[in-house]
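Structure first, then comments.
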Amino acid sequence: MDAILLQILNGLDKGSAYALIALGLTLIFGTLGVVNFAHGALFMVGAFVAVTVQRLFNWSFETVDPTKTDFLGNPAKVKTPYVESWFGPEVGAAMIDWSVPLAILFAIPIMIVVGFVMERGLIKHFYKRPHADQILVTFGLAIVVQEIVKAYYGANPIPTPAPDVFKGSFDFGPLLGLDTSLAYPYWRLVYFGFSAAIIGAVFAFLQFTTFGLVVRAGMADRETVGLLGINIDKKFTIMFGIAAAVAGLAGVMYAPINSPNYHMGMDFLVLSFVVVVVGGMGSLPGAVLAGFMLGILESIASMNVIKELIPGIDQIIIYVVAILILLTRPRGLMGRKGVMED
Amino acid sequence: MSNSNFTRRGMLKTSAIAGAGFAAPTIFTASSAAAYTNEPTGSSVTLGFNVPQSGPYADEGADELRAYELAVEHLNGGGDGGMMNTFSSKELTGNGILGKKVEYVTGDTQTKSDAARASAKSMIEKDGAVMITGGSSSGVAIAVQGLCQEAGVIFMAGLTHSNDTTGKDKKANGFRHFFNGYMSAAALAPVLEARYGNDRNAYHLTADYTWGWTQEESIAAATEAMGWNTVNKVRTPLASTDFSSYIAPVLNSGADVLVLNHYGGNMVNSLTNAVQFGLREKVINNKNFEIVVPLFSRLMARGAGENVKGILGSTNWHWSLQDEASKAFVKSFGTKYGFPPSQAAHTVYCQTLLYADAAQRAGTFNPCGIAEALEGYEFDGLGNGKTLYRADDHQCFKDVLVVRGKENPTSEFDLLEVVEVTPVDQVMYAPDHPMFAGGALGTCNPGA
Amino acid sequence: MFGLNKKDTTLFIIVAAMTLLAPFILNPFPTDSALAQFNAGYPDLMQRFVIFGILAIGFNILFGLTGYLSFGHAAFLGVGSYSAVWMFKLLSMNIIPAIILSVIIAGLFALVIGYVSLRRSGIYFSILTLAFAQMSFNLAYSVLTPITNGETGLQITLDDPRVLGVSVAENGNPPVTNLFGLEMRETFTLDLGAWAFQFNIGFYVCALIMLAAFYVSVRIFRSPFGLMLRAVKSNQHRMNYTGLSTRPYTLAAFVISGMYAGLAGGLMASMDPLAGAERMQWTASGEIVLMTILGGAGTLLGPVLGAGFIKYFENIFSKINDNILHTWFAIMPDGLEDLLVTIVHPFVGKGWHLTLGLLFMLVVTFLPGGLVEGGQRIAKALSRKKKDEPKTPDASE
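Residue numbers (this note's numbering), protein chains in the order written: chain A, 1 to 342; chain B, 1001 to 1448; chain C, 2001 to 2397.
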């Protein structure tokens, strides 16, 4: 029982990452009708904002310490981060420690700008082109972005730890009155809470603001909204920025969970497409629901009991579920008729 | 095999065709002109460096390439000579190989069998490479080794740790300097026993592909032999990026040791996840919970940051070794590139020198001559102490380093410390050991 | 000729000539010149060009005609390869039974996957095919290792039975793939002045099969069946309203296209007897999609061009290292040489992906019809110069 509880908890956490990425993807799908293969790259860029902020805070000047030697036997250079010399060692060290949460402040404007530039500079020209062309251009863009990151940061994963406070895990066991432990890492719990907050914020924004009203109307019937004299294009640019920011934030917060590398976006890309489609094209709640559902099922399928029953099930569970759902529900969980069905 | 397969562009230089034109086209197969595939006839010899330049192992590939360039420089008499000065064989004098200047071509394996073979084929068919070397995964090594056997060139494996490379998939034209899963296990087991006792319950997480399985089989056998109990062996999909669902159940399984049979990105993530779950702070069965990573790579371990501290594992070579050869290599590499070499860089540098030396001793580039020169060859002075290239399976036998993540690193490269050098006798095994059984070397293939 | 109209005949003859003369066309630079790096006329790459050409032609029958975007086509390629290698292991090294089996097995796979996936359309169809292919890949890599040899890939070994052939060749090595004794790897070299042209048996076998495949594809495009498929693309609902079931047509197209992929897989294994699971990964499926779109979806020639384009960059650009750059720019003064090397460096060697990505973006932005449109524009510009001669044959459709 506790094993299942643990996997459900874990599935919620995994699912929150899927849901967050799928949410951004659906925003672009649903509002702009663009198949964005560069969405994974946006997630990766977000994670590298965290890496960069950490690097910036760690940016150091070198002093030669004659008492030590480096690997070649020359006098060693000792690095002192600038932040430590500017703000004092304690504040500086704290800043470095908290670089990932602080990176959020940087990530929001950066990602919105990235989104704007992408939409205005490239995607805009592809609204009326076939989906195939959109795939090609966004895939090309994803490769280019990846390669640039690789050129600067290398191909190996880069450790981007969470603040020390969040190290270790919380034991739900005693809380739930279990006699076994049910430990789960703090930072993953933070990630879950953060995702839930972002998802809530996006829904609230679409539900309760005029802007959101127009966008939702645009999602339902773009032409009519345009005929009403509303400049839907401008709204959509902003929407793209928001979607990029959501993907980027998902990336920033993900950095401490698994060290970022340049192809992490591609790893998530296929999965997030599956999530979006299982959720149903054009449905935001569907995407979120599918994200959590697949996350939980994936976790449960990786339990030893189940793996012994059906060997290899954890490798393919997501795809099996996707096939079953798409065959029983033609438009995924909550898809709307006529969206991307041609 | 009277007809042959691969032709050579270098042929041109000697095929005395002055006037162009269809009047006198000379059509011939390689067999009529060359004794073996890509026999170098000009003043230079071409080696093919086939390393991952894209994909997750691109950084290791880049480091291998640096070492290759350094080796070529040394072979051609440039630089400070590196390990050529410490190498027990003194045949190499810095004027290339057999008097021919060493040239090289590079390619991208993408860590995919298909791409690696395509790249190696282009080196053989287009560039006239007489030897192919490199790689950073066992799948690729075995695929390219098979190709080289068919094509009739020598394959000097790069970083490949699976037992199969010199086990069931061994080939007469293929040679491996790197150690393997069995050796890692044999070297680690006594150290694990000494530190963690012989009453332990181990939980294995294993990357679900051939390397992972051979590693798991080896380490499980070695630890069980000293009294450890294997609680569970769980296979994880290779494509996994998040191991939380596999790590989470470990705590309640009664295990007190977690063995991560993962490499590269998998290892970085699974280790990071395990530390996140607080495994290392736990006390189970009145013993501190321990994590073991049988194959360490310093380059990749950097990705796990602080998490590697205190974790035991094994490695083929480490730059902090203090023997003359290692010091010479680190100095040479460090002076040129500004940082110390990785174990991948070391093994491919050695492979290049060993190939060159074998050609020099054999007096030919003929793969059969070189194979004969390498088989049963004993040497020293390449950083691993006394080493034997065993004739039965073309595997190098040498001391194995047991390392541990360093608690107080003094620099970004100073991640591992050597805790024990396990002597070669302890990691030796019979050529027909069950873990290596099946398959046969076959006979050397010179191509033409 | 051969039941083709005049335009198609011209196109077919051009394709045939270009394919058969590929060893010359792809080797424009003298062997020892600095530009020889750009030569692509060596057996392995020429084989790859035509094999991926077959793959793309087959994919285009599905995608170009019906508009159904399969994102799992690599599965059929992989299945075809595995079938072929198993034939080599069990039966003989003759490529004919291997290729026949790979086409049949891939066809059966396509029938099953197509039957299920074609119940949905649009992106739902794409994801269904993707899911099937990813399942095949993941299982081939792990649980199915006894059949696929997992990560290492299925290779022929000395202890294979090969009931109609020999397990071990006379020289102690595994036998090589052949067509009734004609070895696939046999290559003749023609030295002409500074050039060396390589004629490889395997390449010509692949090339002839590709021409046959191309011919069949032209016939399909021009047949009533092809017309029906186009009707599906333009408006499936209307087709359904007329009381016509389109499923049998789309399924037929899917199976044919899967068999083409199986043929390509079988040929790939015949040229190089190895079958690896990565051949089925989604990236491989994506590559087929990219090839087709890049070349020009729905055109006859486009997909082949797209396939050649991507394979060229993968195999040629990835091999250009700094050393080669330095020899290219050696005539420049030192400072300038280094500068040029620094500028070019990020785009070649390990940066070949970057160049490819940039070219994807440029082509799709400026040539909406893919590479074929580029060709047409050039052709138009040329024909205009020739004083308004009648338009050159339109390669599209």
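Virtual Cβ for every residue (Gly too), placed ideally from N, Cα, C.
Is residue i close to chain B? Criterion is C-beta to C-beta, closer than 7 Å.
{"i": "C/Gln2155", "result": "yes"}
{"i": "C/Asn2321", "result": "yes"}
{"i": "A/Ser272", "result": "no"}
{"i": "C/Lys2007", "result": "no"}
{"i": "C/Ser1967", "result": "Outside the modelled stretch of chain C, which goes from 2001 to 2397, sits residue 1967 of chain C, for which no answer is possible."}
{"i": "C/His2353", "result": "yes"}
{"i": "C/Lys2350", "result": "yes"}
{"i": "C/Glu2151", "result": "yes"}
{"i": "A/Ala3", "result": "yes"}
{"i": "C/Pro2393", "result": "A caution first: C/Pro2393 carries a pLDDT of 43, below 50, which makes its placement in the model unreliable, though a value can still be read off. So, not an interface residue."}
{"i": "A/Tyr18", "result": "no"}
{"i": "C/Tyr2068", "result": "no"}
{"i": "A/Ala155", "result": "yes"}
If you draw a straight line from the C-alpha of residue i to the C-alpha of residue j, how long is it?
{"i": "C/Ile2378", "j": "C/Arg2384", "result": "10 Å"}
{"i": "B/Pro1190", "j": "B/Ala1221", "result": "13 Å"}
{"i": "A/Ala244", "j": "A/Gly24", "result": "7 Å"}
{"i": "A/Leu309", "j": "A/Met303", "result": "10 Å"}
{"i": "A/Glu119", "j": "B/Ala1301", "result": "38 Å"}
{"i": "C/Tyr2042", "j": "C/Phe2199", "result": "8 Å"}
{"i": "C/Ala2395", "j": "B/Ala1362", "result": "Annotation note: pLDDT 41 at C/Ala2395 (below 50); position unreliable, coordinate value reported separately. If I take the Cα positions, the gap works out to 58 Å."}
{"i": "B/Tyr1337", "j": "B/Ala1067", "result": "10 Å"}
{"i": "C/Glu2373", "j": "B/Arg1117", "result": "33 Å"}
{"i": "A/Glu147", "j": "C/Leu2077", "result": "28 Å"}
{"i": "B/Asn1085", "j": "B/Ser1332", "result": "11 Å"}
{"i": "A/Val225", "j": "A/Gly291", "result": "30 Å"}
{"i": "C/Gly2306", "j": "C/Asp2191", "result": "30 Å"}
In this structure, what does DSSP give as the bridge partners for residue i?
{"i": "B/Asn1201", "result": "B/Asn1229"}
{"i": "B/Arg1176", "result": "B/Ala1157 and B/Gln1395"}
{"i": "A/Ala183", "result": "A/Asp171"}
{"i": "C/Gln2155", "result": "C/Leu2274"}
Going by the CB atoms, is the gap between residue j and residue i shorter than 7 Å?
{"i": "B/Thr1364", "j": "B/Val1400", "result": "no"}
{"i": "B/Thr1160", "j": "B/Phe1178", "result": "yes"}
{"i": "A/Leu42", "j": "A/Phe236", "result": "no"}
{"i": "A/Ile135", "j": "C/Asn2138", "result": "no"}
{"i": "B/Met1131", "j": "B/Ile1154", "result": "yes"}
{"i": "B/Leu1299", "j": "B/Ser1342", "result": "yes"}
{"i": "C/Thr2129", "j": "C/Ser2070", "result": "yes"}
{"i": "B/Trp1317", "j": "B/Gly1383", "result": "yes"}
{"i": "B/Asn1201", "j": "B/Val1234", "result": "no"}
Select from the options the residue whose C-alpha is nearest the C-alpha of residue i.
{"i": "C/Ile2343", "options": "C/Asp2322, C/Pro2333, C/Leu2362 and C/Ile2331", "result": "C/Asp2322"}
{"i": "C/Asn2005", "options": "C/Phe2059, C/Val2176, C/Arg2222 and C/Leu2154", "result": "C/Arg2222"}
{"i": "A/Ala255", "options": "A/Trp86, A/Val100 and A/Ile8", "result": "A/Val100"}
{"i": "B/Asp1108", "options": "B/Gln1360, B/Gln1053 and B/Asn1085", "result": "B/Gln1053"}
{"i": "A/Gly279", "options": "A/Gln7, A/Thr26 and A/Ser85", "result": "A/Thr26"}
{"i": "A/Leu249", "options": "A/Phe37, A/Gly11 and A/Ala50", "result": "A/Ala50"}
{"i": "C/Ala2036", "options": "B/Gly1128, B/Gly1265 and B/Gly1139", "result": "B/Gly1128"}
{"i": "C/Ala2213", "options": "C/Gly2286, C/Ala2056, C/Leu2367 and C/Leu2382", "result": "C/Ala2056"}
{"i": "B/Leu1092", "options": "B/Ala1359, B/Gly1439, B/Leu1147 and B/Thr1410", "result": "B/Ala1359"}
{"i": "A/Val83", "options": "A/Pro75, A/Ile257, A/Ala94 and A/Lys77", "result": "A/Ala94"}
{"i": "B/Gly1081", "options": "B/Gly1181, B/Asp1425, B/Phe1329 and B/Arg1404", "result": "B/Phe1329"}
{"i": "C/Ile2099", "options": "C/His2353, C/Met2259 and C/Thr2365", "result": "C/Met2259"}
At a Cβ threshold of 7 Å, is residue i touching chain A?
{"i": "C/Met2228", "result": "no"}
{"i": "B/Leu1278", "result": "It is Gly, not Leu, that sits at residue 1278 of chain B in the sequence shown. Cβ-Cβ to chain A under 7 Å: yes for B/Gly1278."}
{"i": "B/Asn1085", "result": "no"}
Give a yes or no on whether 7 Å exceeds the smallest Cβ distance from residue i to chain C.
{"i": "A/Ala50", "result": "no"}
{"i": "B/Tyr1209", "result": "yes"}
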